[in-house]
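Mapping the sequence shown onto our numbering, position 691 (from 1) lands on 770, and the numbers just tick up by one. Beta carbons: idealized from backbone N, C-alpha and C, even for Gly. Computed from a prediction, not measured in an experiment: that's the story for all the values here. Quick notes on the structure that follows.
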Amino acid sequence: MKQWIGAAFAAMLAASCTPPEVTEFTDTLIPQPEHWNETSAESLIVTGQWNWTVDSTWDPVLPVWQEWMRGSQWNDDATEVELKMIRVEGLPEEGYELEVQKSGVTVRASTEAGAFHALTTLRWMIPLEPLEKTALPCGVIQDAPRFPHRGLLLDCCRHFMQPEFVKRMIDLLALHKMNVLHWHLTEDQGWRIEIDAYPRLTEIGAWRTEADGSTHGGFYTKDQIRDIVAYAASRHVMVIPEIELPGHSNAALAAYPWLGCTGEQMDVPHDWGVFKDIYCAGSDSTFEFLETVLDEVLELFPSTYIHIGGDEAPKVRWEACAKCQHRIAAEGLQDEHELQSWFIGRIGRYLESKGRKMIGWDEILEGGLPAGATVQSWRGMEGGRAAIAAGNDAIMSPTSHCYFDYPVESTDLEEVYGFEPVPNDVQGTGRILGGECNMWTERAPQDLVDSKVFPRLVAMSEVLWSQPAQRDWSNFQSRMVQHYPRLDAWGVKYGWETVPISMQWHAGKSNEALEVQFLPAMTGVQGTAAFVPLGQSEPEVSHPLNVLFRIIGEGEIQVNLIRKGASMGVPWTFPVAGHVGAFQKIELEHELNTYYPGRGEQGLADGRLGSHDFRDGSWQAVQGRDMGLTIELPEPVRIDSLSMQFYRYQDAWIFLPDSLQFQWSNDGVTWVGDWLMGKDVFGEMTFTPNESQDVNRAAVSVNAEAKWVRFTARNPGVCPDWHEAASSETWMFLDELVVHTTAP
Ligand code: ACM
Ligand code: ZN
80 MKQWIGAAFA AMLAASCTPP EVTEFTDTLI PQPEHWNETS AESLIVTGQW NWTVDSTWDP
140 VLPVWQEWMR GSQWNDDATE VELKMIRVEG LPEEGYELEV QKSGVTVRAS TEAGAFHALT
200 TLRWMIPLEP LEKTALPCGV IQDAPRFPHR GLLLDCCRHF MQPEFVKRMI DLLALHKMNV
260 LHWHLTEDQG WRIEIDAYPR LTEIGAWRTE ADGSTHGGFY TKDQIRDIVA YAASRHVMVI
320 PEIELPGHSN AALAAYPWLG CTGEQMDVPH DWGVFKDIYC AGSDSTFEFL ETVLDEVLEL
380 FPSTYIHIGG DEAPKVRWEA CAKCQHRIAA EGLQDEHELQ SWFIGRIGRY LESKGRKMIG
440 WDEILEGGLP AGATVQSWRG MEGGRAAIAA GNDAIMSPTS HCYFDYPVES TDLEEVYGFE
500 PVPNDVQGTG RILGGECNMW TERAPQDLVD SKVFPRLVAM SEVLWSQPAQ RDWSNFQSRM
560 VQHYPRLDAW GVKYGWETVP ISMQWHAGKS NEALEVQFLP AMTGVQGTAA FVPLGQSEPE
620 VSHPLNVLFR IIGEGEIQVN LIRKGASMGV PWTFPVAGHV GAFQKIELEH ELNTYYPGRG
680 EQGLADGRLG SHDFRDGSWQ AVQGRDMGLT IELPEPVRID SLSMQFYRYQ DAWIFLPDSL
740 QFQWSNDGVT WVGDWLMGKD VFGEMTFTPN ESQDVNRAAV SVNAEAKWVR FTARNPGVCP
800 DWHEAASSET WMFLDELVVH TTAP
């Protein structure tokens, strides 16, 4: 034992004579501790002067504690508070007891991690603001995590993040008792880790040229990585590097083209998607390369686990590569899926020979799961279940709850809080190590990352630490209110808990108009809504929330929101069209799909258009079928033109129609309007993979009076040969049939 006197917290305020209010910290802590027993009605008065007695093997926790306490200013006229940190045997790994007595605080733990978690609890028990004194109720917290693996995946490849930003994220993880930073370091769009044996990986592979000619990139030097790993270790966060293979490797192939099957020179891609060029599985030099890279990685990262990716590896190159086909034959494999399994297995054995264990995305199940590999389940929970059935471990991060790159419209705070990482049928196996939230940065440069990760990570921290029986959404919400000032103190630019407004809309009195109103869906939200007609950049009028306003014609509503007096970043946008077809009688020729019903029967004629997010709820989609609808207007009107929007995202199997037809009629019997070929409307369908996502539009001139309008789109058939899902049925996404009338 040794003594350490903490007198770092300067005197700022005069002493007060009135006794402080007792802080009922158990109503504010996140994640919720497992047990709390009040032991007496007395309280401990904390003044900021700590007299430490710390088990000497735990010295490393003190500098972090000091750093975290900086900013809290205290009155130093009062007596010191005893803080004893004692090692005891028999507490759970990472568990601790924290006892508050009138005379001071005692922490008991079996591990340094446990002692550290006790300090994170204590940190939130003490107010952040300068204050004179605070009183803590006397009692004992007994706490331990539910899962050993509580992580955040940070994709520093699609967008590079500064080392200081990564370190701050590590503090925020630690403060929420999260203990894994899954650091995504290699990708198609950027190689971010310095490798001495292969300097071109960062000379070439770390930089991409954007469509506008600008350069984006960066990489971490070995010194920076060592510094970050040590920083994380001092906060009991393990950094697990992810070195992606065999797919998501275009940046490496751009640096060393001989790593791919074709050997062709390529650029570091600047767009997003799943690329067909991957490491050649037939060439021994691929494995020499990967083993050398891994040797250097293992030198930098002490983690038992190394993540090797394994997801989204198209097989077209392997199918056409003589070396890969030779490998399949030589190893007695059935097909390219087994070749992938062989590839992953070979890397897994290499890691095992170095005393490490492998984690891979759930695609590593395909063609046979290598022994000892841990599966990270992302395409739902099924991969985790399958891993457990095979006797392996799993980490859960399904897109349904854990993808923090998704907007809150898809995954809000309540949904994250409701995440249960252990499906009923695998309870008690102990094979689910925990979960991760995944922060992919395809659409989130560093400046946006906070707003995606927070506050959702706070909910996830409780999901992964606390016991399921303690889960209580309304109680969490009230603790969350008290948690925001802590995030503020850390300068976290958190986003919304959920969509903060609801849009209500219906047909207006004139049948060309839509009447729209935005209602706050959370307390404390204010703002304005404004309609920007198509082709204009500025709105004409702004309306406060709650005010009903009229829209005629097509355009975008922009809603600017304010919370706590501050503007909340970019506006929320809603593409709309006030037109004569909206809310008129509609008949569909296709059946609604359960996943993409696009606001139901009326959805293709309800004035609300699909946005740049195909999951926004407006898009109506079916797979492998044609789509069609007829609208009957209340009376004949002079129609100027008809238009329809289509979503295209070939990587997600969403294709444009093969052909389409707009028709109109005055009697519902005789129809006018020709078939159009998709290639004439949208340009030749090159069927190149990795199209970025976009909204496409088709329109025809009408210049006639009509009472009925009709639209039909033919499905383009199955995904073409180059596609990862070749021969699977394609999707078509539509919204909406807009009837444009000549302006009155
Ligand atoms: C993943 O989201 N492709 C693992
Ligand atoms: Zn090959």
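Residues near residue i in its chain [Cβ-Cβ closer than 7 Å; skip 5 each side]
i, result
"Cys359", "Leu338, Gly339, Cys340, Thr365, Cys400, Lys402, Cys403"
"Glu243", "none"
"Glu323", "Thr265, Glu266, Gly388"
"Pro623", "Thr607"
"Asp238", "Here residue 238 is His; the residue named in the question, Asp, does not match the sequence. Hits under 7 Å: Thr520, Ala523, Pro524, Gln525."
"Glu173", "Thr190, Ala192, Gly193, His196, Ala223, Pro224"
"Val797", "Ser806, Ser807, Glu808, Thr809"
"Gln111", "Glu541, Ser545, Gln549"
"Trp732", "Cys798, Ala804, Ser807, Thr809, Trp810"
"Ser122", "Val101, Ala214, Leu215, Pro216, Cys217"
Closest residue to residue i among the options (Cα-Cα distance)
i, options, result
"His263", "Phe628, Trp519, Gly342, Leu640", "Trp519"
"Phe483", "Ala253, Asp234, Val245, Ala188", "Asp234"
"Gly284", "Asp267, Ala290, Ser293", "Asp267"
"Gly352", "Met601, His327, Leu369, Leu252", "His327"
"Glu680", "His691, Lys572, Ala700", "Ala700"
"Ala600", "Glu617, Thr607, Arg458, Thr577", "Thr577"
"Phe533", "Val186, His255, Val818", "His255"
"Asn503", "Met460, Leu721, Leu177", "Met460"
"Ala223", "Glu442, Arg247, Ala194", "Ala194"
"Ile205", "Arg565, Ser616, Gly686", "Arg565"
"Ser697", "Ala523, Leu671, Asp346, Val626", "Leu671"
"Leu512", "Leu593, Leu721, Tyr384, Gly603", "Tyr384"
"Trp584", "Lys643, Arg550, Ala661", "Ala661"
"Phe422", "Ile407, Ser476, Asp291", "Ile407"
"Val26", "Val649, Glu666, Arg629, Gln549", "It is not possible to answer for residue 26, since the shown part of the chain is limited to 80 through 823."
"Leu799", "Val395, Pro713, Gly632", "The displayed chain sequence assigns Pro, not Leu, to residue 799. The residue with the shortest Cα to Cα distance from Pro799 is Val395."
"Arg247", "Ile272, Trp569, Arg629", "Trp569"
"Gly596", "Glu488, Arg704, Leu627", "The sequence given here has Gln at residue 596, not Gly. Closest by alpha carbon: Leu627."
"Val760", "Val788, Phe725, Val655", "Phe725"
"Pro320", "Ala656, Tyr299, Arg314", "Tyr299"
"Asp414", "Gly634, Ala120, Gly361, Gly514", "Gly361"
"Glu784", "Val748, Pro715, Tyr728, Ala777", "Pro715"
"Arg789", "Leu755, Ser744, Gly411", "Ser744"
"Ile220", "Thr185, His228, Arg425, Val655", "Thr185"
"Pro142", "Asp814, Glu117, Leu177, Leu198", "Leu198"
"Thr118", "Pro139, Gly497, Glu178", "Glu178"
Bridge partners - residue i, DSSP secondary structure assignment
i, result
"His585", "Glu594"
"Thr265", "Trp270"
"His255", "DSSP, once it has assigned bridges, lists no residue as partnering His255."
"Ile630", "Leu593"
"Cys516", "Leu231"
"Tyr384", "Lys436"
"Ala188", "Arg166"
"Gly183", "Glu161, Gln180"
"Trp787", "Glu711, Ser744"
"Thr281", "In DSSP, Thr281 forms no bridge with anything."
"Ser621", "Ala609"
Cβ-based neighbour list, residue i, same chain, cut-off 6 Å, excluding 5 preceding and 5 following
i, result
"Ala466", "Val454, Ala473"
"Ala93", "Per-residue confidence for Ala93 stands at a pLDDT of 29, beneath the threshold of 50, marking its modelled position as unreliable; the derived number appears in the next sentence. Answer for Ala93: no residue qualifies."
"Glu391", "Gly326, Val353"
"Asn517", "Leu232, Ser476, Cys481, Tyr482"
"Asp705", "Arg793, Asn794"
"Leu667", "Leu708"
"Gln742", "Trp750, Gly752, Arg789"
Cβ neighbours of residue i in the same chain (closer than 8 Å, five flanking residues each side left out)
i, result
"Val316", "Ile249, Leu252, Ala253, Met257, Asn258, Val259, Leu260"
"Asp719", "Ser780, Val781, Asn782, His819, Thr820, Thr821"
"Asn108", "The displayed chain sequence assigns Leu, not Asn, to residue 108. Answer for Leu108: Thr200, Trp203, Met204, Arg558, listed in chain order."
"Thr136", "Arg166, Glu191"
Cutoff 8 Å: residue i Cβ touching any chain C Cβ
i, result
"Phe725", "Protein chains in the displayed structure number just one, and chain C is not present."
Which complete beta strand (DSSP E) runs does the stretch 420-488 hold, if anything under 3 residues is left out?
436-440, 453-456, 473-475
Taking any heavy atom of the ligand ZN as the mark, which residues have a C-beta closer than 7 Å to it, listed down the chain?
Cys340, Cys359, Ala360, Gly361, Ser362, Arg396, Trp397, Cys400, Lys402, Cys403
Using the beta carbon as the reference atom, which residues fall closer than 6 Å to any heavy atom of the ligand ACM, ordered along the chain?
Asp390, Glu391, Trp440, Trp457
Could I get the ranges of all uninterrupted beta strand (DSSP E) runs contained in the stretch 541-590, with 3 residues as the minimum, in chain order?
580-586
3 or more residues per run - each beta strand (DSSP E) lying fully within the stretch 635-691:
651-657, 664-667
Of all the alpha helix (DSSP H) runs that stay within the bounds of the stretch 303-380, which reach a length of 4 or more residues?
329-334, 363-379
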